[in-house]
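Below is one structure, written out as structure tokens; the observations come after it.
Residue numbers (full-length UniProt numbering): 1 to 255.
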């Protein structure tokens, strides 16, 4: 199926001041989150907790990260699949990514920063950790709403206790003359939830139930929240089986 650009994802505003547990606004948002993940597998989250200065710092330091020599970036290794450097593949020659394990902790961000910059890079470390804390807050809110919407709010605290966060930086280099601009093929994630922030850069496409592909518009203050495979198959909460694991792909450098 081709891209249906006129189609829109559900938009849920998490910036409302009255969005507090126990309020009517919270109950309404819980229903919206559940409906969006069951019917579409994703939604656009409006979240104003990311200051413009932090947004700019994260993207600026990400550029510093990707400008490092390949041999330095390849120090980002892990025994866990996709928890380290990914790049230099002929099938997706433009794609590179690096990952920070436990990015909401000082130890996690400091360990990664020391790998990339042995002499230190406080601006990178601080922006990565602060950014991760913001996104983790959004994740916790979404998951609490989802648990409560299925009547299993008592399981939420245990889920958060065992949650492991990963911050992944992605980049597509601009293709050279005659070079393929292929992006990642359609796939689902193995996570419970994936939260993607495009910033001002487009390229993400998501597949809806009817097979149509939608390109969420990039925005500095919104995130695309996507259901993963684990939400469907790795939970004792059978009700979650009605959530749609989202197929998505990247199409960089296309009009």
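Even for Gly, the Cβ is constructed at its ideal location relative to N, Cα and C. Remember, it's a predicted structure, so these values are computed and weren't measured experimentally.
Taking residue 121 as the centre and dropping the five residues before and after it, the same chain places the C-beta of 113 closer than 6 Å to its C-beta, in chain order. Runs of alpha helix (DSSP H) with 4 or more residues, each lying fully within the stretch 133-221, are found at 156-162, listed in chain order. Check the Cα spacing between residue 41 and each of 73, 142, 244: the tightest is with 244. Look at residue 46 here: in three-state DSSP terms it is strand. Rounded to whole angstroms, the separation of the alpha carbons of residue 163 and residue 130 is 18 Å. Contact annotation: residue 183 and residue 250 have beta-carbon atoms nearer than 7 Å.
A straight line joining the alpha-carbon of residue 132 with that of residue 197 spans about 11 Å.
For residue 150, the closest of 14, 33, 70, 210 by C-alpha to C-alpha distance is 33. For residue 52 against residue 220, the beta-carbon gap comes to about 7 Å, under 8 Å, which counts as contact.
Note on residue 187: under 16 other CB atoms within 10 angstroms of its CB, so exposed under the neighbour-count rule.
Here residue 123 is exposed: its Cβ has fewer than 16 other Cβ atoms, across all protein chains shown, within 10 Å.
Per DSSP, residue 114 is one residue of the alpha helix (DSSP H) stretching across 106-116. The stretch 53-66 and the stretch 135-150 do not touch, with fewer than 3 CB-CB distances between them shorter than 8 Å. Exclusion of the five residues before and after residue 72 leaves 116 as the residues of its chain whose Cβ lies within less than 7 Å of its Cβ. No residue range can be given for residue 78, since it is assigned to no alpha helix (DSSP H) and is classified by DSSP as neither H nor E.
Annotated as proximal: residue 101 and residue 83, with beta-carbon spacing under 7 Å.
Judged by DSSP in its simplified three-state form, residue 22 adopts coil rather than helix or strand. The C-beta distance from residue 192 to residue 231 rounds to 5 Å, short enough to meet the 8 Å contact threshold. Look at residue 53 here: in three-state DSSP terms it is helix. With respect to the C-alpha of residue 194, the residue from 213, 229, 70 having the closest C-alpha is 229. DSSP, read as helix, strand or coil, puts residue 97 in strand. In the structure shown, the three-state DSSP call for residue 247 is coil.
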